[in-house]
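Q:
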Amino acid sequence: MKPTPSVSVALAGSGGAGVMTAGNMLLEAAALAGYYGLMTRTSGPQIRGGEAAAMLRVATFPTDGQDDRFQVLAAIDWQNVGRFAAELPLAPGSIIVGDPAQGEPPEVFTRSGARYLPVPLKQLAGQLAGAWPNMVALGVLAGLIGLSFESVEAAAKKAMKKGLEAGIAAARLGFSQASSLEGFSLEKPPSSSARWLITGNEAAGYGALRGGVRFVAAYPITPATELLEWLAPALAKVGGTLVQAEDELASINMALGASYGGVPSLTATSGPGLALMIEALGLGVAAEVPVVVVDVMRTGPSTGIATKSEQADLNIALYGMHGDAPHIVVAPNSLADCVAATAWAVGLAESLQVPAIVLSDQYFGQARAVVDAPVLEKQSLERLKAEGAEGYKRYALTESGISPMAIPGTRGTAYTADGLEHNEGGTPSSQTADHLAQMDKRARKVSQLDPGDAWASIEGEGETAVLTFGSCTGPVREAMARNGKGVKLVSLRLLSPAQPERLRKALEGVKRVLVVEQNHSGQFLRYLRSEYQLPGEVRSLRRPGPLPFRPEEVRQELLNWEETA
Amino acid sequence: MPVPSLEDFMSRAYTMELEATERYAQFAEQLDTHNNREVAQLFRKLSEIEALHAKRILEEMGWPSVPALPPAFAWSGAEAPETAPFDSLHYLMQPYHALEIALRCELEAVKYFDDIAAGAAPQRVRAAAKEMADEEREHVALIKQWMKKVPRPAAGWDEDPDPPRIAG
Amino acid sequence: MNAPFAAAALQPKDFKSGYKPVWCPGCGDYSVLTGVTKALAMLELRPENVAVVSGIGCSSRIPAYTNCYGFHGVHGRALPAATGLKVARPELTVLVASGDGDGYSIGGNHFLHACRRNVDLTYIVMDNHVYGMTKGQPSPTTEPDWRSKLAPGGTGLREFHPLVIALASGANFIARGFSGDPNGLAALIAEAVRHPGFYFLEVLSPCVTFRPEQRGWKEAVHPAPVAPTDDPGRAARRLMTDDGFNIGVLYKGSRAPFTGMAAAPTDSPEDLECLFRL
């Protein structure tokens, strides 16, 4: 078959089948063979033993988006895997690999017209002492997409602590099975460059450390937990610490307390946790204590679907706080950008003495991808600290709105950080003039922020613009690359404070705006309509999670519009 | 608590006066905050009087600086004998009440010094205590005279037409 | 002649700010403030090395009345804020002020976990069995038959027993003080600051406005009749059966405190890139 620049495969099975481990090894093998790629995961609600699928894409170009279709779906068994049918779209050219001993593939998959290739995974594994069917499947998949066996072997060596020999032998059996099947092949890998294999959650954690965070308070929540788990040992290495809190109310308040003490601080959570943290974020605004919350969004409202992605926390992140509470909201627009966006959010929080929310999502957070090594420029966004001074006023009305912050331990500048409205000196005040002056000050420092070019990624030129943010950006980029002309992408990274003048300039000459977002009510569209002037006709392409947009859907939307325009 | 020396005794006496000074000043502040200017003024005056007493002790002893409380120092009661407890106040209190408080404090002080004068302390200490007790007795008399000049509070002085919302 | 005792570096009044309390005249919290400032003077601390952290309520107004560093946060969350501060800045002395509503009701969960976490904090709860700032509603420690606008027939609920709960949650040091004895409070607070680990000091602090009958507490309180125990079983029995007016240290354990920030860094953040590099 003609080599292609991208191949997508999925490996599914019940708990205990080892599909995630095999998937990770396949991604690593592709990375070692010089390809880009990513793996996302989906799973049932069970803690252990539920159905799960590893969804991989291997490509000659950097990507963190899923493709339109999977070329291969392999399953160790078919129990309840049919539940993932919507997430695992197949096409007539696709291949279904299954173990005949586990029965026929479910009709929800075969009706796509995909070819079924039975491979006796369990029986093959049974030929080798200590071997598992998932390793046979790994070999089959590697063979079907044309990866070298050496890369599989190298990946297995990196990943397997026990049963390595049997594992490699099993993979070899699967690999040789694939050689007799008509599979797919990838174009040659691109020339080598510095690359990382990283998840969005790890990237955000690493960005936090690069931004200067040294205190993290943590309360476990899917899908943010891995971010906190990555940070726990990492913080210890860089001289910081992580405290597990009793709830999210505690974690945000611990972070505020540590930050008040002068240590840049962060917590990570998901929607339900963010809802609990909102009151304390208002305290951060009023008392001007920097703090960063990474919200790894999942479907809501309420508990929603904890393991799946959605961009539906935009409203609460922007407008959730009571009172007028100017603050920062930043959204990474690629998996790799989780590093820079989080580091930037820390810098903005510190330099403006304000809470910052980073809107990541489950898609980024739990996806692992091969990315070009991010280059982080050193940022000079630091907290303005007070030296001991006569007549120190913590909340002095400066022109920039930023007033020097005294750090406990500094002589002569003791003050009380207060969520009560206060005067310049920090003394509680219920007077109208103090309230107005402090509101102006807090608004001023945030609105005067000059984000430079970091406020958005602007790509392409055309009369049609796509406005989006976060993990929708990947599919839009790919749609544009396929379309090849006439479309301009503006993917916002700085959501608050809004940058109406910058967007106006970016949209000069644009006649149509397509707004792409992953939520039900069009939160991003409403935000754009309230904060910005959008030129020409505006359309919304949106749906709630968990299904990610596929590049072809976006491309068709653009094509249809241009044809009817 | 035994009082071993004149220095020790005088430092206690000084501390008593100082704490009384500070407490009356706090009372003045509290009533200022609650818009009871008249009584605040009275407490401020009482505070000034106690401050003078404290200053006199420093001068008598020729102490250049303020002595600190001895380590592990404790009065037999909760606070120094001349210090009025915080719960003495009411936001609607009248000058007469303030003088009642002052009177109680002076009587406590008399008792404290009398006890030392009659106790087993060294002669110099007992003599000084006797002198202090007599001085406090003079204060008692002065306050009693003062009380005659201010009106006695009528029944229901503590009624607030906007009462706290307590009972259901 | 020289002064008989070396003058302390700072006097109690040096720990007060010029900001005047809004507490009612007669309130027990004035006395706690005095106890705090006396203890800090006694400990020869400097105000800039002390932080006073609180939530919301009458009691929680304390930070701004001191000239230490203060953190007046949101309702119920003083303990987490103080925990973050102390872990991040272990060299600071951190006092936490709270009340029965702030500390036992909205902040109840943090109380349990602060007791078991054993971070080196001095936790002072001013208990007056009523919400004062919101003008007289029953709190977790209010008697079941106390009538109020919000609970006209009384709550009918048994009172929360903070000392027993602290013990059951693993508190290492439990004491009860009384606002009528500011010097006694000062001594307890000073002991609390010296004690490594979490020190829970419940202070009976009358509300003269909404619970004027609490002025009678001064007749009810008495020193604890026995020395503090280090046996949690015995402490549990004592705390369960005491009359609520025993004053002094009631339980004294020896659990090691929670440790603060990691030692010196072994890596720079950039060094951690090796975890991702292919």
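Protein chains in written order, with the numbering used here: chain Y, 577 to 1141; chain W, 86 to 253; chain Z, 4 to 281. Here a beta-carbon is modelled for each residue, glycine too, at the ideal position from N, C-alpha and C.
1. If you measure beta-carbon to beta-carbon, which residues of the segment 185–204 of chain Z are closer than 8 Å to chain Y?
2. Between the segment 71–96 of chain Z and chain Y, which residues of the former have CB atoms less than 9 Å from a CB of the latter, in chain order?
3. From Gly139(Z) to Pro155(Z), what distance separates their C-alpha atoms?
4. Report yes if the CB atom of Val1063(Y) is closer than 8 Å to the CB atom of Val1092(Y), and no otherwise.
5. Let me know if Met577(Y) comes out buried or exposed under the rule of 16 or more other beta-carbons within 10 Å of its beta-carbon.
6. Could you give the first and the last residue of the continuous beta strand (DSSP E) run that contains Gln217(Z)?
7. Excluding the five sequence neighbours on either side, which residues of its own chain have a C-beta within less than 6 Å of the C-beta of Asn656(Y), listed in chain order?
8. Could you please give the first and the last residue of the uninterrupted beta strand (DSSP E) stretch that includes Asn1136(Y)?
9. Met95(W): buried (16+ other C-beta within 10 angstroms of its C-beta) or exposed?
10. Indicate whether the contact test is met: 3 or more Cβ pairs, each with one atom in the segment 51–63 of chain Z and one in the segment 78–89 of chain Z, closer than 8 Å.
11. Return the bridge partner residues of Gly589(Y) from the DSSP annotation.
12. In this structure, does DSSP put Phe261(Z) in helix, strand or coil?
13. Using a Cβ cut-off of 8 Å, which residues of the segment 17–33 of chain Z contact any Cβ in chain C, in chain order?
14. Mind checking if Gln280(W) is an interface residue toward chain Z, Cβ cutoff 8 Å exclusive?
15. Return the chain-ordered list of same chain residues with a C-beta closer than 6 Å to the C-beta of Thr86(Z), the five sequence neighbours on each side being excluded.
16. Taking the DSSP output, what are the residues bridged to Ile134(W)?
17. Can you find the residues in the same chain that come closer than 8 Å, C-beta to C-beta, to Leu740(Y), ignoring five residues on each side of it along the sequence?
18. Which one of Gly60(Z), Lys221(Z), Arg49(Z) and Val77(Z) has the shortest CA to CA distance from Thr69(Z)?
19. Output yes if chain Y places a C-beta closer than 8 Å to the C-beta of Pro50(Z); else output no.
20. In terms of residues, what are the limits of the alpha helix (DSSP H) holding Phe176(Z)?
21. Just checking my contact of Ala834(Y) with Leu88(Z) at CB under 8 Å: how many whole Å lie between their CB atoms?
22. Could you please give me the residues that DSSP links to Lys1064(Y) through a beta bridge?
23. Could you name the residues of the same chain whose beta carbon sits closer than 8 Å to that of Ala982(Y), not counting the 5 residues immediately before and after it, in chain order?
24. Quick one, are the C-beta atoms of Ala735(Y) and Met711(Y) less than 8 Å apart?
25. Is there at least one non-hydrogen atom of the ligand SAM closer than 7 Å to the beta-carbon of Gly781(Y)?
26. With burial defined as no fewer than 16 other Cβ atoms inside 10 Å of the residue's Cβ, what is the status of Gln1094(Y): buried or exposed?
27. Whole angstroms are fine: how far does the CA of Val930(Y) sit from the CA of Ala917(Y)?
28. Looking at the C-beta of Glu1054(Y), does it have a partner C-beta in chain Z at a distance below 8 Å?
29. Which residues in the same chain as Leu762(Y) place their Cβ atom closer than 7 Å to its Cβ, once the five residues preceding and following it in sequence are excluded?
30. Kindly indicate which three-state DSSP category Ser1047(Y) falls into: helix, strand or coil?
31. Please report how far the alpha carbon of Gln179(W) lies from the alpha carbon of Asp172(W), in whole angstroms.
32. Rounding to the nearest angstrom, what Cα-Cα distance links Ala10(Z) and His225(Z) in this structure?
33. Report the rounded CA-to-CA distance for Gly253(W) versus Glu167(W), giving the unit in angstroms.
34. Since Gln753(Y) is in the beta strand (DSSP E), which residue starts that stretch and which ends it?
35. Grouping DSSP H, G and I as helix and E and B as strand, with all else coil, what is Ala9(Z)?
36. Please report whether the beta-carbon of Val128(Z) lies at a distance below 8 Å from any beta-carbon of chain Y.
A: A quick look at the data gives this:
1. none
2. Cys71, Tyr72, Gly73, Phe74, His75, Gly76, Val77, His78, Gly79, Arg80, Ala81, Leu82, Pro83, Ala84, Ala85, Thr86, Gly87, Leu88, Lys89, Val90, Ala91, Arg92, Glu94 and Leu95
3. For the purposes of this step, residue 139(Z) is identified with residue 136 of the third sequence, where counting begins at 1. For the purposes of this step, residue 155(Z) is identified with residue 152 of the third sequence, where counting begins at 1. Whole-angstrom Cα-Cα distance: 12 Å.
4. In the first sequence, counting from the first residue as 1, residue 1063(Y) sits at position 487. In the first sequence, counting from the first residue as 1, residue 1092(Y) sits at position 516. No, Cβ-Cβ distance for Val1063(Y) and Val1092(Y) is not below 8 Å.
5. Within the first sequence, numbered from 1, the residue matching residue 577(Y) stands at position 1. Exposed.
6. Counting from 1 along the third sequence, the entry for residue 217(Z) is found at position 214. Note, Gln217(Z): premise wrong, no beta strand (DSSP E); not H, not E.
7. Here residue 656(Y) refers to the residue found at position 80 when the first sequence is read from its first residue. Cβ neighbours of Asn656(Y) within its own chain (closer than 6 Å, five residues either side excluded): Glu627.
8. As a working mapping, residue 1136(Y) is identified with position 560 in the first sequence. Premise fails: Asn1136(Y) lies in the alpha helix (DSSP H), Pro1127 to Thr1140, not in any beta strand (DSSP E).
9. Residue 95(W) sits at position 10 when you count from the first residue of the second sequence. Its Cβ being crowded by 16 or more others within 10 Å, Met95(W) is buried.
10. yes
11. Within the first sequence, numbered from 1, the residue matching residue 589(Y) stands at position 13. Looking at the DSSP assignment, Gly589(Y) forms a beta bridge with Ala628(Y).
12. Your numbering for residue 261(Z) matches position 258 in the third sequence. Here Phe261(Z) sits in coil by DSSP.
13. Within the model displayed, chain C is absent; protein chains Y, W and Z are what it includes.
14. No statement about residue 280(W) is possible, as the shown extent of chain W runs from 86 to 253 and does not include it.
15. Numbered from its first residue, the third sequence carries residue 86(Z) at position 83. Once the five neighbours on either side are set aside, the close Cβ partners of Thr86(Z) are Val122.
16. Residue numbering aside, residue 134(W) sits at position 49 when the second sequence is read from its first letter. Partner(s): none; Ile134(W) has no beta bridge.
17. Looking up residue 740(Y) in the first sequence gives position 164. Cβ neighbours of Leu740(Y) beyond the five flanking positions: Ala732 and Lys733.
18. Reading the third sequence from its first residue, position 66 is the one you call residue 69(Z). It is Arg49(Z).
19. Along the third sequence, read from residue 1 onward, the residue named residue 50(Z) stands at position 47. So yes, Pro50(Z) belongs to the interface.
20. In the third sequence, counting from the first residue as 1, residue 176(Z) sits at position 173. Premise fails: Phe176(Z) lies in the beta strand (DSSP E), Phe176 to Phe181, not in any alpha helix (DSSP H).
21. Here residue 834(Y) refers to the residue found at position 258 when the first sequence is read from its first residue. Here residue 88(Z) refers to the residue found at position 85 when the third sequence is read from its first residue. Indeed they touch by this definition, with Cβ atoms about 6 Å apart.
22. Start at 1 with the first residue of the first sequence, and residue 1064(Y) comes out as number 488. Ala1041(Y).
23. Taking the first residue of the first sequence as position 1, residue 982(Y) is located at position 406. So the list reads Lys961, Ala962, Tyr968, Arg970, Thr989, Ala990 and Tyr991, once near-sequence residues are dropped.
24. By 1-based counting over the first sequence, the position of residue 735(Y) is 159. By 1-based counting over the first sequence, the position of residue 711(Y) is 135. The answer is no: Cβ separation not under 8 Å.
25. In the structure on display, the ligand SAM does not appear, and there are no ligands present to speak of.
26. Here residue 1094(Y) refers to the residue found at position 518 when the first sequence is read from its first residue. Looking at its Cβ environment, which holds 16 or more other Cβ atoms inside 10 Å, Gln1094(Y) is buried.
27. In the first sequence, the residue the question calls residue 917(Y) occupies position 341. In the first sequence, the residue the question calls residue 930(Y) occupies position 354. About 16 Å.
28. Stepping through the first sequence from its first residue, residue 1054(Y) is reached at position 478. Output row for Glu1054(Y): interface = no.
29. Counting from 1 along the first sequence, the entry for residue 762(Y) is found at position 186. Cβ neighbours of Leu762(Y) beyond the five flanking positions: Pro579, Thr580, Val583, Tyr611, Val634, Thr636, Ile721 and Gly722.
30. For the purposes of this step, residue 1047(Y) is identified with residue 471 of the first sequence, where counting begins at 1. Here Ser1047(Y) sits in helix by DSSP.
31. Here the question's residue 179(W) lines up with position 94 in the second sequence. Here the question's residue 172(W) lines up with position 87 in the second sequence. Each residue's Cα considered, the two are about 15 Å apart.
32. As a first step, residue 10(Z) is located in the third sequence; it is residue number 7 there, counting from the start. As a first step, residue 225(Z) is located in the third sequence; it is residue number 222 there, counting from the start. Because the pLDDT at Ala10(Z) is just 49, under 50, the model does not fix this residue reliably, and the value given afterwards should be weighed accordingly. The alpha-carbon atoms of Ala10(Z) and His225(Z) are separated by roughly 32 Å.
33. Locating residue 253(W) in the second sequence gives position 168, where the first residue counts as 1. Locating residue 167(W) in the second sequence gives position 82, where the first residue counts as 1. In this prediction, Gly253(W) has a pLDDT of 45, which is less than 50 and means its spatial position is unreliable; nothing more can be read from the coordinates.
34. As a working note, residue 753(Y) is residue 177 in the first sequence. Where Gln753(Y) is concerned, there is no enclosing beta strand (DSSP E), although the alpha helix (DSSP H) it sits in stretches over Leu740 to Ser755.
35. Translated into the one-based positions of the third sequence, residue 9(Z) becomes position 6. Confidence at Ala9(Z) is low in this model, with a pLDDT of 49, below 50, so the placement of that residue is unreliable and no value is reported for it.
36. Counting from 1 along the third sequence, the entry for residue 128(Z) is found at position 125. So no, Val128(Z) is outside the interface.
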